[in-house]
Amino acid sequence: LLSESAMTGLLRVLLPILGLLLSSSLAARNLAISPLRMELPAGKAMTVLTITNQGREPVLLQASVKRWQQTPDADNYQADDAMLVSPALFRLPPGQRQLVRIGWRRQTPPGEVERAYRVFIEEVPDGGKAERDNSLRILLRLIVPLFVHGRQPATTQLGWQWLPTPADSPAQLLVSNHG
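Position in the sequence shown (from 1) plus 2 gives the number in our numbering.
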């Protein structure tokens, strides 16, 4: 159980957040994207992402693509000029959809192995109502995985290891893929 002073401190933090969430000036974006996972087969130059604005206000969006690698501690994104996104910046009116093309900047032969990218769709502030009436505006950021197939199919080399834990803790299994 929490002490009275801890509960008071918690309420001081949570109540303003709850107020913001319930505030009518905090407008959530209602965007739909398809597909949720993209693939670019070897030998194919381009793929397409569809974004639909299901909200009531226009939204300004910026698209980019970055190389992705995952370590045990974090996702690492690196700029990679081999891939191109078009359009990179666009305004999407309510009820409308936009096709975003992602492909090779120049004719690129497939690599030997699969490469992983992430497509970023980020809302850009455009000086709209929220900025004029000093209300809070939360900008949306969507990240869609893109896998570029290589000439060789991806291989898996699974490994696992039991991790030592104290007797009163649940067992832990570490699984990794070195393929």
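Note that the Cβ used here is the ideal one computed from N, Cα and C, for glycine as well. The model shown is predicted, which means the values in this text are computed figures rather than measured ones.
* Status (buried if at least 16 other CB within 10 Å, exposed otherwise) for LEU63 -> buried
Per DSSP, what kind of secondary structure is LEU144 in: helix, strand or coil? strand
* To do: Evaluate ASN78 with the Cβ neighbour count: other Cβ atoms within 10 Å of its Cβ, from every protein chain shown; 16 or more gives buried, anything less gives exposed.
  => exposed
(Q) Relative to the C-alpha of ASP128, which candidate in ARG39, THR167, HIS151, PRO60 has its C-alpha closest? (A) With distances taken between Cα atoms, ASP128 lies closest to PRO60.
**Asked** Count the other CB atoms within 10 Å of the CB of ALA81; is the residue buried (16 or more) or exposed (fewer)?
**Response** exposed
Worksheet item: Can you list, in chain order, the residues of its chain whose CB lies under 8 Å from that of ALA90, leaving out five sequence neighbours each side?
Response: Same-chain partners within the cutoff: GLN64, ALA65, SER66.
Is the beta carbon of THR73 within less than 7 Å of some heavy atom of the ligand PLP? The model on display carries no ligand, and the ligand PLP is accordingly not part of it.
Quiz prompt | Selected residue, minimal CA-CA separation from PRO43, among VAL121, VAL126, GLN159, GLU116 | solution = GLU116
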